[in-house]
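2 protein chains.
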Amino acid sequence: MYACTHSGVVDSWHIGGVSGTRREIPNDPGRKERILDAALEVIAEGGVHKTTHRKIAARAQVPLGSLTYYFDGIDDLLAQAFARLADTMSLLYRQTVQAAESMAEAEEAVVELICGPAYATDREMTLIFEMYAYANHNEAVSATTRAWLERSRDSLALHFTPGVSRALDALIEGWPMHRAFDDAPLDRRLVAETVHAIVSAAPRLSIDTV
Amino acid sequence: MYACTHSGVVDSWHIGGVSGTRREIPNDPGRKERILDAALEVIAEGGVHKTTHRKIAARAQVPLGSLTYYFDGIDDLLAQAFARLADTMSLLYRQTVQAAESMAEAEEAVVELICGPAYATDREMTLIFEMYAYANHNEAVSATTRAWLERSRDSLALHFTPGVSRALDALIEGWPMHRAFDDAPLDRRLVAETVHAIVSAAPRLSIDTV
DNA sequence: TGTAAGTGTGTACGCTCGTACAGACTTTTC
DNA sequence: GAAAAGTCTGTACGAGCGTACACACTTACA
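Residue numbers (my numbering), protein chains in the order written: chain S, 1 to 210; chain W, 1001 to 1210.
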């Protein structure tokens, strides 16, 4: 019986001088993760509404039964896939912001997050749209999304005041969304100047005075 | 045979002195629109991935066969439902912006669009998420979405320069999205001050100088 | 009234879906 | 070597899906 808290731990030991090896990782070490990655690919290609166990299994090159073995149904699988996406994206977000060592660099980092495509490529934007949509109908994914937004704001708070962080975060959310549908590429200078305008207004943003 | 370009036109005429009346509107005048509204309700409740012909038919209180009579499959139905949503929202957006008669009122209109809930309630936000997600996998909905974004920017252009319009539009997109997942309500003063910061920076926004 | 055209629908079909589960397979222990 | 424990999977089943279509119904006109 597979417990969903799969650790992947492998242990070797010696008993009475005899060296034994416990079965080397269930069978296929990274299988669960491979399934989750396959799920994200399938979602990116056809959307959640066309995502099925069979497509995921085929993409991950695992038998159909594997999915019911590792996950408690399709909702659980999707929730864990989106959680994996959120982890990856959050980390990238944080690394980008954290690397900045001055206010100028911090502003530049925000511009980078908005203009990409290092942070969010078309594929990631598609997945994010799917996640947001699905979150409105699934409590686990909703929690994942909230945690993600909170982590984003915390990352910005490394450099900016709370008010500025909220405003910039909204901008980082909204602008790439338009980029996803606009034909024209994003004007990097316009973005930079908008970011600067918000940052410069910090002393006047009310939430910071509370 | 029903042609999907249903006009709803009723015509009376006289031929050779005999007065005739063409059947007064197919049978159930607003049926097609009722089906589309029902579709949006079903989508709002369970998401596109749980939306089916049968649920829509039940919600609209029409027979199942009606849906295949009026629409060329589920993709067509969803596309027209989202087009209806976009029309409604676009109009509301434009009316809100257009009513402003000074720069101060224009800024206030933008704040209103962001903070709602007049413009976008939770239900509408859910539908918008679904539309964006679906647009990435359906050409017709993608076109509808692009047209919507363009109309939004045109509305803003009634009061603001192109650069400011783009920046504000991104903010109007992103901030309500966070509102949809945040526990805390939006701080209206912070929003107002952010909007003002962007508007005030207009002379320095590069796209306006081109 | 009879006929033709057009509008609308109940039913049924073929298909794919999620999921269950008997049992094959692998490793460990005796 | 045999048994036990645990890991994994191929197959099958019931449910629900989109869609087609024969046919009922309504109206227009002869």
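Positions of the beta carbon are idealized from the N, C-alpha and C atoms, including for glycine.
Using the beta-carbon of each residue, which ones in chain W are nearer than 7 Å to Phe82 (chain S)? By one-based count along the first sequence, residue 82 (chain S) stands at place 82. Within chain W, no residue comes near Phe82 (chain S); the closest Cβ sits about 12 Å away, beyond 7 Å.
I'd like to know if Tyr1119 (chain W) contacts chain S, where contact means its C-beta is closer than 7 Å to some C-beta of that chain. Stepping through the second sequence from its first residue, residue 1119 (chain W) is reached at position 119. In terms of beta-carbon proximity, Tyr1119 (chain W) stays away from the interface with chain S, with every pair separated by 7 Å or more.
Rounded to whole angstroms, what's the CA-CA distance from Trp175 (chain S) to Ile114 (chain S)? Just pull it up for me. Position 175 of the first sequence, counting from 1, holds the residue named residue 175 (chain S). Position 114 of the first sequence, counting from 1, holds the residue named residue 114 (chain S). Looking at the two C-alpha atoms, the distance is approximately 6 Å.
Tell me which same chain residues have a C-beta within less than 6 Å of the C-beta of Tyr1134 (chain W), skipping the five on either side of it? Counting from 1 along the second sequence, the entry for residue 1134 (chain W) is found at position 134. Counting only Cβ-Cβ distances below 6 Å, and skipping sequence neighbours, we find Val1048 and Val1141.
Got a sec, what are the start and stop residues for the alpha helix (DSSP H) His196 (chain S) sits in? Sequence index remark: in the first sequence, residue 196 (chain S) carries index 196 (1-based). Its alpha helix (DSSP H) spans residues Arg188 to Ser200.
Excluding sequence positions up to five away, which residues of its chain have a Cβ less than 8 Å from the Cβ of Ile1191 (chain W)? Locating residue 1191 (chain W) in the second sequence gives position 191, where the first residue counts as 1. Just to set this straight, residue 1191 (chain W) is Val in the shown sequence, not Ile. Annotation for Val1191 (chain W): Val1111, Ile1114, Cys1115 and Trp1175 place their beta carbon closer than 8 Å to its own, counting only its chain and skipping 5 residues before and after.
Residues of the stretch 1100 to 1120 of chain W with a CB closer than 7 Å to any CB of chain S: list them in chain order, please. Correct list: empty, as no residue qualifies.
Reduced DSSP secondary structure (H/G/I, E/B, other) of Cys1115 (chain W): Numbered from 1 along the second sequence, position 115 holds the residue referred to as residue 1115 (chain W). Three-state result, Cys1115 (chain W): helix.
If you draw a straight line from the C-alpha of Pro1162 (chain W) to the C-alpha of Arg189 (chain S), how long is it? Position 162 of the second sequence, counted from the start, is the residue given in the question as residue 1162 (chain W). Position 189 of the first sequence, counted from the start, is the residue given in the question as residue 189 (chain S). Near 14 Å, if we compare the C-alpha coordinates of Arg189 (chain S) and Pro1162 (chain W).
Looking at the C-beta of Leu1078 (chain W), does it have a partner C-beta in chain S at a distance below 7 Å? As a first step, residue 1078 (chain W) is located in the second sequence; it is residue number 78 there, counting from the start. It does not; no Cβ of chain S falls within 7 Å.
Applying the criterion that 16 or more other CB atoms from any shown protein chain within 10 Å of the CB defines a buried residue, is Thr1144 (chain W) buried or exposed? Counting from 1 along the second sequence, the entry for residue 1144 (chain W) is found at position 144. The residue in question, Thr1144 (chain W), is buried, as its Cβ has 16 or more Cβ neighbours within 10 Å.
Against chain S, does Ala1197 (chain W) count as a neighbour if the rule is that its beta carbon must be under 7 Å from one of theirs? Translated into the one-based positions of the second sequence, residue 1197 (chain W) becomes position 197. Residue-level contact by beta carbon holds for Ala1197 (chain W) and chain S, with a gap shorter than 7 Å.
If you follow the alpha helix (DSSP H) that Gly46 (chain S) is part of, which residue opens it and which one closes it? Counting from 1 along the first sequence, the entry for residue 46 (chain S) is found at position 46. Membership of Gly46 (chain S) in the alpha helix (DSSP H) is indicated by the continuous run Arg31 to Gly46.
Cβ-Cβ distance between Arg179 (chain S) and Phe1181 (chain W) below 7 Å: Translated into positions along the first sequence, residue 179 (chain S) becomes position 179. Translated into positions along the second sequence, residue 1181 (chain W) becomes position 181. In this structure, Arg179 (chain S) lies away from Phe1181 (chain W), with their beta-carbon atoms at least 7 Å apart.
Flag Arg1204 (chain W) as yes if its beta-carbon sits less than 7 Å from any beta-carbon of chain S, otherwise no. On the second sequence, residue 1204 (chain W) is found 204 positions in, with the first residue counted as 1. It does; some Cβ of chain S falls within 7 Å.
Would the beta-carbon of His1053 (chain W) fall within 7 Å of that of Ala1106 (chain W)? In the second sequence, residue 1053 (chain W) corresponds to position 53, counting from 1. In the second sequence, residue 1106 (chain W) corresponds to position 106, counting from 1. Cβ distance not < 7 Å, so His1053 (chain W) and Ala1106 (chain W) don't count as in contact.
To the nearest angstrom, how far is the alpha carbon of Thr21 (chain S) from that of Pro29 (chain S)? Residue 21 (chain S) sits at position 21 when you count from the first residue of the first sequence. Residue 29 (chain S) sits at position 29 when you count from the first residue of the first sequence. Annotation note: pLDDT 36 at Thr21 (chain S) (below 50); position unreliable, no value reported.
With DSSP as the reference, label Leu205 (chain S) as helix, strand or coil. Taking the first sequence and counting its residues from 1, the one referred to as residue 205 (chain S) is at position 205. In the displayed model, Leu205 (chain S) falls within coil according to three-state DSSP, outside both helix and strand.
Please confirm if the stretch 120 to 128 of chain S is in contact with the stretch 1150 to 1159 of chain W, defined as three or more CB-CB distances below 8 Å between the two stretches. The stretch 120 to 128 of chain S vs the stretch 1150 to 1159 of chain W: no contact.
Report the residue from S:Glu193, S:Glu33, S:Leu91 and S:Ala99 whose alpha carbon sits nearest the alpha carbon of Leu78 (chain S). Sequence index remark: in the first sequence, residue 78 (chain S) carries index 78 (1-based). Closest in alpha carbon position to Leu78 (chain S), among S:Glu193, S:Glu33, S:Leu91 and S:Ala99, is S:Glu33.
Secondary structure at His178 (chain S), three-state DSSP: helix, strand or coil? What you label residue 178 (chain S) is simply residue 178 of the first sequence in a count that begins at 1. In the structure shown, His178 (chain S) sits in a helix (DSSP, three-state: H, G or I).
Roughly how many angstroms lie between the CA atoms of Asp1154 (chain W) and Ala184 (chain S), to the nearest whole one? The residue given as residue 1154 (chain W) occupies position 154 in the second sequence. The residue given as residue 184 (chain S) occupies position 184 in the first sequence. In this structure, the straight-line span from the alpha carbon of Asp1154 (chain W) to that of Ala184 (chain S) is close to 16 Å.
Interface flag, His1049 (chain W) vs chain S, CB-CB below 7 Å: Along the second sequence, one-based indexing puts residue 1049 (chain W) at 49. So yes, His1049 (chain W) belongs to the interface.
I want to verify the contact list: residues of chain S whose CB lies under 7 Å from the CB of Tyr1134 (chain W), in sequence order. Indexing the second sequence from 1 puts residue 1134 (chain W) at position 134. What Tyr1134 (chain W) touches in chain S, judged by beta-carbon distance under 7 Å, is Gly47, going in chain order.
With a threshold of 7 Å between beta carbons, is Gly1174 (chain W) in contact with chain S? In the second sequence, the residue the question calls residue 1174 (chain W) occupies position 174. Residue contact check for Gly1174 (chain W) against chain S: a CB pair falls below 7 Å.
Could you please give the first and the last residue of the uninterrupted alpha helix (DSSP H) stretch that includes Asp183 (chain S)? If you number the first sequence from 1, residue 183 (chain S) lands on position 183. Per DSSP, Asp183 (chain S) is not a residue of any alpha helix (DSSP H), being assigned neither H nor E.
Please list, in chain order, all residues of the same chain as Leu67 (chain S) whose beta carbon is under 7 Å from its beta carbon, the five residues on each side excluded. Numbered from 1 along the first sequence, position 67 holds the residue referred to as residue 67 (chain S). So the list reads Ile35, His53, Ile56, Ala57 and Leu77, once near-sequence residues are dropped.
Name the chain S residues that come within less than 7 Å of His1137 (chain W), Cβ to Cβ? Residue 1137 (chain W) sits at position 137 when you count from the first residue of the second sequence. In chain order: Gly46 and Gly47.
Taking the alpha carbon of Leu168 (chain S) as the point to measure from, which residue in W:Val1195, W:Leu1149 and W:Tyr1070 has its own alpha carbon closest? Here the question's residue 168 (chain S) lines up with position 168 in the first sequence. Per the Cα distances, W:Val1195.
Return the residues of the stretch 1149 to 1182 of chain W that lie within a Cβ-Cβ distance of less than 8 Å from chain S, sorted by chain order. For the stretch 1149 to 1182 of chain W, which is checked against every Cβ of chain S, the residues closer than 8 Å are Leu1149, Gly1163, Arg1166, Ala1167, Asp1169, Ala1170, Leu1171, Ile1172, Glu1173, Gly1174, Trp1175, Met1177, His1178, Ala1180, Phe1181 and Asp1182.
Between the alpha carbons of Glu24 (chain S) and Gly65 (chain S), how many angstroms are there, rounded? For the purposes of this step, residue 24 (chain S) is taken as residue 24 along the first sequence, with counting starting at 1. For the purposes of this step, residue 65 (chain S) is taken as residue 65 along the first sequence, with counting starting at 1. Bear in mind that the predicted position of Glu24 (chain S) carries a pLDDT of just 40, short of 50, making it too unreliable to give a figure here.
By the DSSP assignment, the alpha helix (DSSP H) with Asp122 (chain S) in it spans what residues? Walking along the first sequence from the start, residue 122 (chain S) turns up at place 122. Element bounds for Asp122 (chain S): Asp122 to Ala135.
Would a check of beta-carbon distances place Ala1184 (chain W) closer than 7 Å to chain S? For this step, residue 1184 (chain W) is matched to residue 184 along the second sequence. Judged by the 7 Å Cβ criterion, Ala1184 (chain W) is not in contact with chain S.
For the alpha helix (DSSP H) that contains Val1062 (chain W), what are its first and last residues? Mapped onto the second sequence, residue 1062 (chain W) falls at position 62. Counting along the chain, Val1062 (chain W) falls outside any alpha helix (DSSP H), and DSSP gives it neither H nor E.
Return helix, strand or coil for Phe1071 (chain W), following the three-state DSSP convention. Counting from one through the second sequence, the residue named residue 1071 (chain W) turns up at place 71. Here Phe1071 (chain W) sits in coil by DSSP.
According to DSSP, is His159 (chain S) part of a helix, a strand, or is it coil? On the first sequence, position 159 is the one that residue 159 (chain S) refers to. Shown here, His159 (chain S) sits in coil according to DSSP, grouped into three states, outside any helix or strand.
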